[in-house]
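Novice: Numbering (our numbering), first residue to last: 255 to 422.
No residue lacks a Cβ here, since even glycine has one placed at the ideal position from N, Cα and C.
Everything numeric in this text was worked out from a predicted model, so none of it was measured.
The structure is given below, and queries will be raised subsequently.
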């Protein structure tokens with residue numbers, strides 16, 4: 255395309271197919287994007303253009319911006335306020351959706367720095383510690399039981415007079 259045939263600089267639909275607008279600088283696309291206007295904004299722009307066209311036709315080609323009365327000005331201001339609130343609400347919702355999507359796609363840094371070997375070593379260490387604690391608990395229980403059993407046997411080897419009883 256020749257430079258003379260290029261569209262004028264302004265906001266156009268993004269050629270990458272996204273549902274947003276991208277700024278055309280006259281010769282190339284910029285790195286600036288924005289959301290397309292909502293229906294309220296389009297309606298306000300259409301009404302303003304129609305009113306300006308009407309004023310232009312009534313004055314014979316000269317636009318008279320001072321012909322709006324107080325009620326018309328207040329109505330336009332209220333429409334702009336409503337449109338701005340709608341845009342802010344829509345932007346907040348879009349930001350929330352994008353933030354949730356980004357949060358889901360972020361992988362925790364710890365997973366990048368741990369290897370499978372370290373993970374298996376950690377699992378094996380935990381299993382070894384659990385087995386060691388179990389073995390120590392069993393040894394303590396077994397020794398107590400063994401000492402009680404031996405003590406009972408020793409007590410049964412002597413009678414109350416202090417003489418040893420012979421086992422048969």
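For residue 271, name the three-state secondary structure that DSSP assigns.
Specialist: Residue 271: coil per DSSP, three-state reduction.
Novice: Does the structure place the stretch 319-338 close enough to the stretch 370-381 that three or more beta carbon pairs sit under 8 angstroms?
Specialist: The stretch 370-381 is not in contact with the stretch 319-338.
Novice: For residue 277, which beta-bridge partners are listed by DSSP?
Specialist: BP columns for residue 277 point to 265.
Novice: Would you report the Cα separation of residue 348 and residue 371, rounded to the nearest angstrom?
Specialist: For residue 348 and residue 371, the distance between alpha carbons rounds to 42 angstroms.
Novice: On the DSSP bridge list, what partners appear for residue 373?
Specialist: According to DSSP, residue 373 bridges with nothing at all.
Novice: Between which two residues does the beta strand (DSSP E) harbouring residue 285 extend?
Specialist: Start and end: 283-288.
Novice: Using the C-alpha atoms, what's the distance from residue 361 back to residue 295?
Specialist: One C-alpha to the other measures close to 39 angstroms.
Novice: Leaving out the 5 sequence neighbours to the left and right, which residues in its chain are closer than 8 angstroms to residue 344 when beta-carbon positions are compared?
Specialist: Result list for residue 344: 289 and 292, in chain order.
Novice: How about residue 268 and residue 274: are their beta carbons less than 8 angstroms apart?
Specialist: Cβ atoms of residue 268 and residue 274: closer than 8 angstroms.
Novice: Let me confirm a value: residue 337 is counted as buried when at least 16 other C-beta atoms fall within 10 Å, else exposed. Which label applies?
Specialist: So residue 337 counts as buried.
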